[in-house]
Amino acid sequence: MPIFKTPFNGYSVKFSPFYESRLAVATAQNFGILGNGRVHVLALPPSPSLPLSELVAFDTADGVYDLAWSESHDSLLVAAVADGSVKLFDTALPPTQNPLRSLQEHTREVHSVDYNPTRRDSFITSSWDDTIKLWTLDRPASIRTFKEHAYCVYSAAWNPRHTDVFASASGDCTVRIWDVREPGSTMIIPGHDFEILSCDWNKYDDCLIATASVDKSIRVWDVRSYRAPIAVLNGHGYAVRKVKFSPHHRNLMVSCSYDMTVCMWDFMVEDALVGRYDHHTEFAVGLDMSVLVEGLLASTGWDELVYVWQHGTDPRAS
Amino acid sequence: MATPSSPPPSSPPDEKPQNLELAQPTNEIQQHAREEAPKQSSPSVFVNSEPMREEQVQNAVKFLSHPKVRGSPVMYRRSFLERKGLTKEEIDEAFRRVPDPPPSTQATGTNQEAQVISTSNVQPPAQTQALQPAAAAPTGAISSAGTLMRFRFHWYHIVFAVGLLAASGAGTTVLIKNAIIPRLKSWIRKVILEEEEEEKEDPVKKANAKPSLAEEAAAAAKAAAAAAADVAKASQEMLNSKSEERRHFKEFMNLLDVQVQEMKSMSTAIRKLEGQTNNLGRTSLVDQEDYTPSVANHPKQTYVNGKAESDSRSVRSLSAPASAEPSVAPHPKSYMEIMAMVQRGERPANIRDINDQPPNPNQQISNTRLAPKSKPWEASKSLNNSSQALQSQVNGEDLNSKVQDNGVTYQFDGESAIPWWQRKNARITEIENEDELKDGHYGARTNEQPIQRTWVPPQPPPVAMPEAVEAIRRPKSSVQKEQLAEDQSVSHSTDVTDELQRITKISESGGAVEVNGGGLEPNSIEIKEVQEHSSEEN
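Sequence lines, in order, name chains A and B. For any residue, its number in the numbering used here is found by taking its place in the first sequence, counting from 1, and adding 41. For any residue, its number in the numbering used here is found by taking its place in the second sequence, counting from 1, and adding 1049.
Okay, structure coming up:
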């Protein structure tokens, strides 16, 4: 399976929604503590024994914690940078003409960015300054700021079916559901007793949310009855950094954790763990499932490696 | 909830709960939704429509009335209540109730809290009185100190006491000055007047003036002595009063210490009660300058943003968590080295100065070369069924046509024209078949070959909740009853498609699934009995 060695520590990987053989990786130097950052745009090789090839790379002054492909433009990327800026890159232009925009509004590190998959015109960024901001590509300033969390917001995700609804996961141990038309959050789910690092909506049941927390568990919630989770998935040895529902199957989801593994779960089944990949040798921090190719997974971690493999195969096989 | 105050125009009262506050926004949302495309389901599913729970509100009021909580920022009080599961409305109601002294709504322990509340109201006017410098100020301080001892100690008290002491000191010195200076002046005037009188008198009497001079000198000396004695007395008094004040101050300090001890014990007690929720690095129920170490499994807390201000920014240190449950993941050695370096203030050598500002901020965003594709979940709007299988096939066909778009020619097997990452091997389809069989969604495929897994066999997840495991195995009716009792008043309006989803899912799965986790649509009460999800219920 193809891999790629990044010079910096990997933080996030995302498949392009336009080109099934293209993906982007966000990296940060010195584990993201203090240093530069780089965004790589990679292409899958024609044969699995070859490595991934780099199409273009963009350097940033500070580490890049997350990125998102535009759903409306095939070559645009939005990057969440540790200096609080949100940068827009055009992968069709050379690095000297990039970035197209640098939006500096967050007062602390921007930890995640998510593009609206249904409306395709807006994206949200979440930051350690406890806020979430809503942006569109054509405006130089944010449209709205959502400030309610009491601590860093680690992740924000759009609902795949309701174009104005999104969820945010925060270090204040709550998940909030928001509607951009409403002034404040519409629902508060006290999901875990510890910081919640990631959340994602089920693509086929728009009322299900999965949350991943420092308490090593993943919980699946139904927003209609959010007092108790409908599933608690244990199995990771350390904090779960990212969780993602499959774009092709209602019950499947993948997660990556500080225990260096990537796990696949079927939350409808009692023995929920259906796959575990332990290819990383450091914290596994970034994870994505391809929307265009069923079963294609990508992961990256602090071991400076990016892996792309099909579910069921060994990521380290060549 | 900060919702607009205009009431919705003649919206029919549907089967919403009795909470009128919630009825307004949800009705508005529904109105809004109705105005939009009819197919779009109303987002009221994402809104809390539970009624306010009075018990929770009362608990919150008790919490908010606690003196230590009153010293903490509002944000942390809200966050604490949110983590305890209160809804926004309940929290707002609790905040509304707390500033007013609760006469009858509170159940237990009102006396102490009422005293505290009245003390805090007494403080500001008492402080304004301190500004009046008066000789009675020290005595006033002493008497108020006596009354203050009954109440809890606040920092206000210390400021008050210090202010009083300063004022009294200033007042006594001013008084003494006023006492001494007139005496001196009058004495000087006396002496001068006497001299003048002497000059005016018969110079013959000068001879007499000598002994009188001596007498006068003696008298002056006596007066000086008297004045000195007075001064000594006055200073003695001052010293006495100051020593008294110092004594009282020491008493204050002792009381302070006692109170601080009590506060510390209370904070530990609260911490224990809260258990492992002391995550907020900025929680300051106890006054602390540095960040309390939170459950620092997440290394983010050790990051320092790389600017010159890195010194002024406090670095949240990695430390042992409050509880044993989430253990800190072992960080790589180089990570710890870099952390140590940064905390010392050094800058790692490999950082370059990069100008990442846009070279042309007005650069036009070019048009997209490809049209956006529909998502796999959008195509099958009803539910995951065999159309998904079609979808994946369609994707494959799309790929074939798109292959040339990427500008790379691919190496194809003799078998098919699909690139290697698209083609699934037999194992995967088997696994997915098994998954699908378990779901009961794909009834068509029947594949009974054993699965050969090439990755590490998954370890069975530890049983976190043995009672949940039992619950799953026990007959469902008892669990169901519990759930019903909890969420009795929950009722939502749902869209037709969700209902259809449930009905068709149940029929497909053959009706042998477990009970849903609590929240149920009103229309599907009959379907409740049919169990749908397998879940570990908490």
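Yeah, the Cβ is synthetic: ideal placement off N, Cα and C, and Gly gets one too.
C-beta contact flag for residue i and residue j at 8 Å
i         : j         : result
A:THR68   : A:VAL127  : no
A:ALA280  : B:PRO1375 : yes
A:HIS147  : A:LYS174  : yes
A:SER183  : A:ALA197  : no
A:SER239  : A:TYR195  : yes
A:SER296  : A:ILE259  : yes
A:LEU108  : A:ALA120  : yes
A:ARG149  : A:ASP170  : yes
A:GLY353  : A:SER340  : no
A:VAL80   : A:VAL105  : yes
B:PRO1408 : A:THR132  : no
A:LEU64   : A:SER53   : no
A:SER168  : A:GLY125  : yes
A:ARG282  : A:ASN243  : no
A:LEU293  : A:ASP312  : no
A:ILE229  : B:THR1221 : no
B:PRO1397 : A:GLY76   : yes
Buried or exposed by the 16-neighbour rule on C-beta atoms within 10 Å, applied to residue i
i         : result
A:LEU96   : exposed
B:VAL1391 : buried
A:ASN200  : buried
A:PRO43   : buried
B:GLU1479 : Because the pLDDT at B:GLU1479 is just 42, under 50, the model does not fix this residue reliably, and the value given afterwards should be weighed accordingly. B:GLU1479 should be labelled buried.
B:ARG1418 : exposed
A:THR302  : buried
B:MET1302 : exposed
A:ALA272  : buried
B:GLU1131 : buried
B:THR1546 : A caution first: B:THR1546 carries a pLDDT of 47, below 50, which makes its placement in the model too unreliable to give a value.
B:ASP1394 : Note that residue 1394 of chain B is Gly in the sequence shown, not Asp. So B:GLY1394 ends up on the exposed side.
A:PRO270  : buried
A:PHE202  : For clarity, residue 202 of chain A is Arg in the given sequence; the question names Phe instead. With 16 or more Cβ atoms within 10 Å of its Cβ, A:ARG202 is classed as buried.
A:SER362  : There is simply no residue 362 of chain A to check, as chain A begins at 42 and stops at 359 in what is shown.
B:ASN1097 : buried
A:TRP176  : buried
B:ALA1270 : exposed
A:GLY342  : buried
B:TRP1204 : exposed
B:ARG1238 : exposed
B:ARG1126 : buried
B:ALA1318 : exposed
B:ARG1295 : exposed
Per DSSP, the bridge partner or partners of residue i
i         : result
A:CYS214  : Bridge partners of A:CYS214: none, in fact.
A:VAL284  : A:SER296
A:TRP242  : A:ILE250
A:THR230  : Correcting the residue identity first, residue 230 of chain A is Ile in this sequence and not Thr. A:ILE230 pairs with A:VAL216.
A:SER168  : A:VAL151
A:LEU83   : A:LEU64 and A:GLU95
A:VAL347  : A:PHE45 and A:THR341
B:ASN1416 : In the DSSP output, where bridge partners are listed per residue, B:ASN1416 has none listed.
A:ASN361  : In the structure as shown, chain A begins at 42 and stops at 359. Residue 361 of chain A is therefore absent and cannot be evaluated.
B:MET1390 : Its beta-bridge partners do not exist; DSSP assigns none.
Going along the stretch 1091-1108 of chain B in order, which residues come within less than 7 Å of chain A, judged by CB to CB distance? PRO1092, VAL1094, PHE1095, VAL1096 and ASN1097
Using a beta-carbon distance cut-off of less than 8 Å, what residues from the stretch 209-220 of chain A approach chain B? GLY212, ASP213, CYS214, THR215, ILE218 and ASP220
With three or more C-beta pairs closer than 8 Å as the rule, is the stretch 340-347 of chain A touching the stretch 314-323 of chain A? yes
Touching or not, the stretch 1214-1230 of chain B and the stretch 1308-1325 of chain B, by the rule of three or more beta carbon pairs under 8 Å? no
Validate contact between the stretch 93-111 of chain A and the stretch 1398-1409 of chain B using beta carbons, cut 8 Å, 3 pairs: yes
Touch check for the stretch 1127-1147 of chain B and the stretch 1106-1114 of chain B: three-plus C-beta pairs under 8 Å? yes
Are the stretch 46-58 of chain A and the stretch 70-90 of chain A touching by the rule of at least three beta carbon pairs closer than 8 Å? yes
Should the stretch 112-126 of chain A be called in touch with the stretch 152-163 of chain A, which here means at least 3 C-beta pairs below 8 Å? yes
Taking a Cβ distance cut-off of 8 Å, strictly less, list which residues of the stretch 1396-1414 of chain B are near chain A, in chain order. ARG1396, PRO1397, ASN1399, ILE1400, ARG1401, ASP1402, ILE1403, ASN1404, ASP1405, GLN1406, PRO1407, PRO1408, ASN1409, PRO1410, GLN1412 and ILE1414
Tell me, please, whether the stretch 1114-1123 of chain B touches the stretch 205-219 of chain A by the rule of three or more beta-carbon pairs shorter than 8 Å. no
Residues of the stretch 1375-1398 of chain B whose Cβ lies closer than 9 Å to any Cβ of chain A, in chain order: PRO1375, SER1376, VAL1377, ALA1378, PRO1379, HIS1380, PRO1381, SER1383, TYR1384, ILE1387, MET1388, MET1390, VAL1391, ARG1396 and PRO1397
Quick one, which residues of the stretch 1277-1306 of chain B are near chain A if we go by CB-CB under 7 Å, in chain order? none
Using a Cβ-Cβ cut-off of less than 9 Å, give me the residues of the stretch 122-156 of chain A that come near chain B, in sequence order. VAL122, ALA123, ASP124, GLY125, SER126, LYS128, LEU129, ASP131, ALA133, LEU134, THR137, GLN138, ASN139, PRO140, LEU141, ARG142, SER143, ARG149, GLU150 and HIS152
Residues from the stretch 228-250 of chain A in contact with chain B, defined by Cβ distance under 7 Å: MET228, ILE229, PRO231, ASP234, PHE235, GLU236, LEU238, LYS244, TYR245 and CYS248
Listed in chain order, which residues of the stretch 1116-1132 of chain B have Cβ atoms closer than 8 Å to some Cβ of chain A? MET1124, TYR1125, ARG1127, SER1128, GLU1131 and ARG1132
Could you please tell me which residues of the stretch 337-352 of chain A, in chain order, have their CB closer than 8 Å to any CB of chain B? LEU337, TRP343, VAL349, GLN351 and HIS352
The stretch 71-98 of chain A: which residues have C-beta closer than 7 Å to a C-beta of chain B, in chain order? ASN71, PHE72, GLY73, ILE74, LEU75, GLY76, ASN77, LEU85, PRO87, SER88 and PRO89
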